[in-house]
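Peer 1: Note that the protein sequences, when read in sequence, are chains A and B.
Quick note: the first sequence uses the working numbering, first residue 135, plus one each step.
Quick note: the second sequence uses the working numbering, first residue 135, plus one each step.
Even glycine gets a Cβ: it sits at the ideal position worked out from N, Cα and C.
Predicted model only: the values in this text are computed from it and were never measured.
The structure is given below, and queries will be raised subsequently.
Protein chains: 2
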Amino acid sequence: MAQYSSHLDGIFQALADPTRRAVLGRLGKGPASISELAKPFDMALPSFMKHIRLLENSGLIRTRKEGRVRTCAIDQKPFAMVESWLSAQRALWEARTDRLEQFATNAHKEGKSR
Amino acid sequence: MAQYSSHLDGIFQALADPTRRAVLGRLGKGPASISELAKPFDMALPSFMKHIRLLENSGLIRTRKEGRVRTCAIDQKPFAMVESWLSAQRALWEARTDRLEQFATNAHKEGKSR
Numbered sequence: 135m136a137q138y139s140s141h142l143d144g145i146f147q148a149l150a151d152p153t154r155r156a157v158l159g160r161l162g163k164g165p166a167s168i169s170e171l172a173k174p175f176d177m178a179l180p181s182f183m184k185h186i187r188l189l190e191n192s193g194l195i196r197t198r199k200e201g202r203v204r205t206c207a208i209d210q211k212p213f214a215m216v217e218s219w220l221s222a223q224r225a226l227w228e229a230r231t232d233r234l235e236q237f238a239t240n241a242h243k244e245g246k247s248r
Numbered sequence: 135m136a137q138y139s140s141h142l143d144g145i146f147q148a149l150a151d152p153t154r155r156a157v158l159g160r161l162g163k164g165p166a167s168i169s170e171l172a173k174p175f176d177m178a179l180p181s182f183m184k185h186i187r188l189l190e191n192s193g194l195i196r197t198r199k200e201g202r203v204r205t206c207a208i209d210q211k212p213f214a215m216v217e218s219w220l221s222a223q224r225a226l227w228e229a230r231t232d233r234l235e236q237f238a239t240n241a242h243k244e245g246k247s248r
């Protein structure tokens, strides 16, 4: 559970930056090399590499080096973790709405039977 | 678009912490006062208030002061923004899978017609 939680910390942290989200958007269309990914950004390569490493450490992307070229690809599992966390939140809200509706229905019935 | 992106930065940043996610989990069951929210955490109030302010600035919660009690409640809109960002990512992957399938089908047909 603690491990799941710290994994979520890293995923959300990785998503909290427009450059990293743009990289994920590009990789959503298919794998790409670091130099291809860096092209749209007006950023020095070492700064760009920090973003790539953060994405890789969070698990959102995998990278693989072949010869002198490092290729990056999306890993869908962390996205599924975020979706399942969001679903759990939504389930809490819906359970609450159900309880409120039940309460209102019972109050209405009690009012009628008086 | 830039505003939407910086809003997402703040939301993901707010979600990247186990205390803040636990507070959201508690508020998912219904509004609560700051002191009620702080109770499960072994944390000084000023530190806890930093988490509350970060959640409020991201839009994930709203707070309202009545007399000496500040009450917090979930705001669902930022959650919907995250869900829609995730759906957009998923749509990219699915479009790619469709293109790959189309390519494989065409290659198969071409192979047969030779």
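CA-CA distance, Arg196 of chain A and Leu188 of chain A?
Peer 2: Cα to Cα, Arg196 of chain A sits roughly 11 angstroms from Leu188 of chain A.
Peer 1: Mind pulling the chain B residues with CB within less than 7 angstroms of Pro152 of chain A?
Peer 2: Simply Ser139, Asp143.
Peer 1: Against chain A, with Cβ distances strictly below 9 angstroms, would Arg155 of chain B count as a contact?
Peer 2: yes
Peer 1: Counting pairs of beta carbons, one from the stretch 154 to 165 of chain B and one from the stretch 150 to 168 of chain A, are three or more of them closer than 8 angstroms?
Peer 2: no
Peer 1: For the ligand FAD, is there a heavy atom less than 8 angstroms away from the beta-carbon of Arg204 of chain A?
Peer 2: The ligand FAD is absent from the structure shown, which contains no ligands of any kind.
Peer 1: Is it the case that the Cβ atoms of Leu194 of chain A and Leu149 of chain A are separated by a distance below 9 angstroms?
Peer 2: Contact flag set, yes.
Peer 1: Taking one C-beta from the stretch 207 to 217 of chain B and one from the stretch 138 to 146 of chain B each time, how about it: are there three or more such pairs within less than 8 angstroms?
Peer 2: yes
Peer 1: Using a Cβ-Cβ cut-off of less than 7 angstroms, list which residues of the stretch 217 to 230 of chain A approach chain B; keep chain order.
Peer 2: Glu217, Leu220, Gln223, Leu226, Trp227, Arg230
Peer 1: Let me know if Thr239 of chain A comes out buried or exposed under the rule of 16 or more other beta-carbons within 10 Å of its beta-carbon.
Peer 2: exposed
Peer 1: Using three-state DSSP, classify Lys184 of chain B as helix, strand or coil.
Peer 2: helix
Peer 1: In chain A, which residues lie with their C-beta within 7 angstroms of the C-beta of Thr163 of chain B?
Peer 2: Note that residue 163 of chain B corresponds to Lys in the displayed sequence, not to Thr. Ordered by position in chain A, the residues that pass the 7 angstroms Cβ test against Lys163 of chain B are Leu226, Arg230.
Peer 1: Is Arg233 of chain B buried or exposed, if buried means 16 or more other CB atoms sit within 10 Å of its CB?
Peer 2: exposed
Peer 1: Quick one: which residues of the stretch 188 to 216 of chain B get their C-beta closer than 8 angstroms to a C-beta of chain A? List them in chain order.
Peer 2: Ile208, Gln210, Phe213, Val216
Peer 1: With 9 angstroms as the threshold, decide whether the Cβ of Phe146 of chain A is near any Cβ in chain B.
Peer 2: yes
Peer 1: Counting only C-beta atoms, is Leu158 of chain A closer than 9 angstroms to chain B at any point?
Peer 2: Taking Cβ atoms only, chain B reaches closer than 9 angstroms to Leu158 of chain A, which makes this a yes.
Peer 1: Using beta-carbon positions only, say whether Ser218 of chain B and Arg155 of chain A come within less than 9 angstroms of one another.
Peer 2: no
Peer 1: Within 10 Å of its beta-carbon, does Val216 of chain A have 16 or more other beta-carbons around it, so buried, or fewer, so exposed?
Peer 2: It counts as buried.
Peer 1: Mind checking who Arg196 of chain A pairs with in its DSSP beta bridge?
Peer 2: A:Ala207
Peer 1: Pull up the DSSP beta-bridge partners for Ala225 of chain B, would you.
Peer 2: Beta-bridge pairing links Ala225 of chain B to no other residue.
Peer 1: Does the beta carbon of Leu149 of chain B come closer than 9 angstroms to any beta carbon on chain A?
Peer 2: yes
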